[in-house]
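The next block holds one structure in the form of structure tokens; read it before the comments.
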Amino acid sequence: MLFKIKVLCACITLSLCSLISFAQQINYPPVDKVAADFKKLLERPRVPLNPSFTITHTDSVIIEHGFIYSEKNERVPVLIYKPVTGTKPYPAVIFLHGTGGKKEDNKKMLYQLVKRGIMGVAIDARFHGERIAGGAHGSKEYVAAATAAWENKDKAHQTHPFLFDTAFDLWRVTDYLASRPDVDANRIGMGGISMGGMETWLAASVDKRIKVIVLDIAVQSFKWSLDNDKWQGRAGTIRGTHLQAAKDLGDSVLNMHNVQAVWDKLLPGITGEFDCPSMLRMIAPRAMLIVSTENDPNCPLPGANIAYASAIQAYRSKGATDKIMRDVTPKLFHTSTPEHFKMTLDWFSKWL
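Under mature numbering (1 follows the signal peptide of the UniProt record, and there is no 0), residues -23 to -1, 1 to 329 are what the sequence shown spells out, in order.
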């Protein structure tokens, strides 16, 4: 079993066995039910993908820039870096940006994947990058969309711009890649940083076409954060939405109750059956790398430990502990490191 943690917070004194024992006490529904419930929640009418791309050839990489449709009025901008040489079909990796970012932030990752014979793919998450009229403005539009979803009174048309809707887009991007003759549909990977990593574990947990997964500063437990008053970092990623919710609920400050109200509406089930410790169980026995930092306020280490323990229990049950690895960088806060970058590339190269 590959279990590498350089350092643990002083407050985390439980052994791995104790953590697994604790995780076993959490009564999540069976994985088949969780998968069915999550697919039902996110599913919406399927439309033709209608891909459209422009292609640029260079000496070292073929670049495709275009879009597909995930819904009737939802165009997903896609950036593809493709090897110039090598044997087709290629393995492919979808790699996702964090909050306020854009697909172009991952050009270095895509290029390095190409150097290893892997097609690199990046998309703009909802309300990011080219999905914003007039260009992106950090996370401004993302927060505005989350606030509008919070204030929506029409239950029949409830949107989930905070993570869930992009997870659906990822299923459709996978549909597209699997349809391409130059992609090996049996060798598709997915990874991401922060928000992108969360979208990865949401989408990949129930989509078994994703064979290799990398989660960078993205593993946590929403429930643990609420129960232990450590929700501040995660709530801060859409702080404007939470402030509006607090006001709407008659509170003068953010607290665990108005934070949970937002999560319950925008991410229904995220403190229950769709929380990370529950969803990671469904990734086993596929190859998964988890990289974290010791003092991450957005993904507090104690909650991340519970999620990992839940995952390793599932991997043990399937005899696949050689296909899960974890690394925790000491002292750092919510940041991805050059070492994370290299570990990510090495993991995709090894298992794809």
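Built from N, CA and C at the ideal position, the CB exists for glycine as well.
Please read these numbers as outputs of a predicted model, since none were measured by experiment.
| Asked | Found |
| --- | --- |
| Beta strand (DSSP E) segments (min. 3 residues) lying fully within the segment 94 to 181 | 96 to 100 and 160 to 170 |
| Proximal residues to glycine 210 (C-beta, below 6 Å), its chain only, five neighbours per side dropped | Pro274 and Asn275 |
| Alpha-carbon spacing of proline 279 relative to phenylalanine 30, whole angstroms | 44 Å |
| Cβ distance (whole Å) where glycine 106 is taken to contact lysine 79 below 8 Å | 3 Å |
| Residue-level contact to chain C via CB, valine 191, 8 Å cutoff | This model lacks chain C altogether; it includes just one protein chain. |
| Sub-8 Å separation of isoleucine 165 and lysine 188 beta-carbons | yes |
| Outcome for glutamine 135 when other beta-carbon atoms lying within 10 angstroms are tallied against a minimum of 16 | exposed |
| Identity of the residues DSSP links to valine 268 by a beta bridge | Asp193 and Asp304 |
| CB of arginine 24 within 8 Å of CB of glutamate 41, strictly | The sequence given here has valine at residue 24, not arginine. Not closer than 8 Å, so no. |
| Best match in Ala121, Pro158, Glu250 and Gly97 for proximity to leucine 73 [C-alpha to C-alpha] | Gly97 |
| Leucine 73 in three-state terms, based on DSSP | strand |
| Under the three-state DSSP convention, the category serine 313 falls into | coil |
| Counted within 10 angstroms of its Cβ, other Cβ atoms place residue 332 as buried (16 or more) or exposed | With the chain represented from -23 up to 329, any question about residue 332 goes unanswered, as that position is not in the structure. |
| Among Arg108, Val70, Thr33 and Val61, nearest to asparagine 50 - alpha-carbon criterion | Arg108 |
| Under 8 Å between C-beta atoms of isoleucine 57 and phenylalanine 325 | no |
| Identified DSSP bridge partners for isoleucine 187 | Ile165 |
| Cβ pair isoleucine 190, arginine 293 closer than 8 Å | no |
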